[in-house]
Ligand SMILES: *Cc1c(COP(=O)(O)O)cnc(C)c1O
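In the UniProt record's numbering, the protein residues as written are 1 to 250.
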């Protein structure tokens, strides 16, 4: 019997390329490739395309808008995936987002944390969260300023339903990925400080950092989760400012 060659979609090929980049960066940095998880950043990506990447072996995705989580939920419900929220969360979407995600990586306000904690208490549930830090000092991006992060983390301990599992950042965006290194280093230093000063009852924290253009730099600086969209799914129709601007939100 002859077997036909497998038809590999562009997405599968691009995914394989990203996995190879992650492996190579880990090896260069002297890290085990299993220490870095790939998160599919799926904003604007239709469910059929998400499915291809999940079936190719990636069990984690992140969305920026509650509306998109909702729209894609039914089409993806049979897939064994964890979903994280990685966008700007508005307080009127707190109840809704909890229907879809197991982690919110983008916590940068105590009022949102309070609203989440209340809602979680009502349903007797806990939630993993990460603290988003603005390591690039760009006002167009969300996140707590780095020097306020330790106090912010201390304050989050008042919310019993929230479990802090890591720190997240968007590095300085520049055509030269090396420009993001100080952002990533800042996040790693913060993580080390949190652990050294025992601000949390844990000695492990994720570093969610690195995207299509700068994941190698992030891995060199200690990323444990890289969030990749464009390099797997292709260019998006909307500019990122649509997702990252103050006026817009999830
Ligand atoms: C879109 C997005 C990503 C992925 O960015 P790409 O450059 O498309 O890889 C990662 N993190 C966040 C928070 C995003 O909004």
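Ideal placement from N, C-alpha and C gives every residue a C-beta, glycine not left out.
**Request:** Please confirm if the stretch 38-53 is in contact with the stretch 68-83, defined as three or more CB-CB distances below 8 Å between the two stretches.
**Result:** Pairwise C-beta distances place the stretch 38-53 in contact with the stretch 68-83, as three or more of them are shorter than 8 Å.
**Item:** Cβ shell of residue 28 (< 6 Å), same chain only, five flanking positions each side left out
**Value:** Nothing meets the Cβ criterion.
**Asked** Taking the DSSP output, what are the residues bridged to residue 163?
**Response** Residue pairing by DSSP puts residue 163 in a beta bridge opposite 128.
**Message:** Please report the straight-line C-alpha distance between residue 228 and residue 18, rounded to a whole angstrom.
**Reply:** Spanning the two alpha carbons is a distance of roughly 8 Å.
**For residue 85, three-class secondary structure by DSSP** = In this structure, residue 85 counts as strand in the three-state DSSP scheme.
**Prompt:** My guess is that residue 162 and residue 129 are in contact by the Cβ rule of under 8 Å, so how many angstroms apart are they, rounded?
**Reply:** Going by Cβ atoms, the distance from residue 162 to residue 129 rounds to 5 Å, so yes, they are a contact pair.
**Request:** Name the one or two DSSP bridge partners that residue 253 has.
**Result:** One cannot answer for residue 253 here, as it falls past the ends of the chain, which runs 1 to 250.
**Asked** Does the beta carbon of residue 231 fall short of 7 Å from some heavy atom of ligand 1?
**Response** Taking 7 Å as the cut-off, the C-beta of residue 231 counts as close to a heavy atom of ligand 1.
**Prompt:** What number of angstroms, rounded off, separates the C-alpha of residue 249 from the C-alpha of residue 96?
**Reply:** Caution is warranted here: a pLDDT of 46 is assigned to residue 249, below 50, making its placement in the model unreliable, and no coordinate value can be reported.
**Item:** Cut-off 7 Å between Cβ atoms - residues of its own chain near residue 247, not counting five sequence neighbours on either side
**Value:** Annotation note: pLDDT 48 at residue 247 (below 50); position unreliable, coordinate value reported separately. Scanning its chain for C-beta atoms nearer than 7 Å, with the 5 sequence neighbours on each side dropped, one finds no residue around residue 247.
**Request:** List the residues that DSSP assigns as beta-bridge partners of residue 103.
**Result:** Under DSSP, residue 103 shares a beta bridge with 84 and 128.
**Asked** Less than 7 Å between the CB of residue 41 and some heavy atom of ligand 1, yes or no?
**Response** Relative to ligand 1, the beta carbon of residue 41 is positioned inside 7 Å of a heavy atom.
**Request:** Would you kindly check if the distance between the Cβ of residue 207 and the Cβ of residue 223 is under 8 Å?
**Result:** Going by C-beta atoms, residue 223 is nearer than 8 Å to residue 207.
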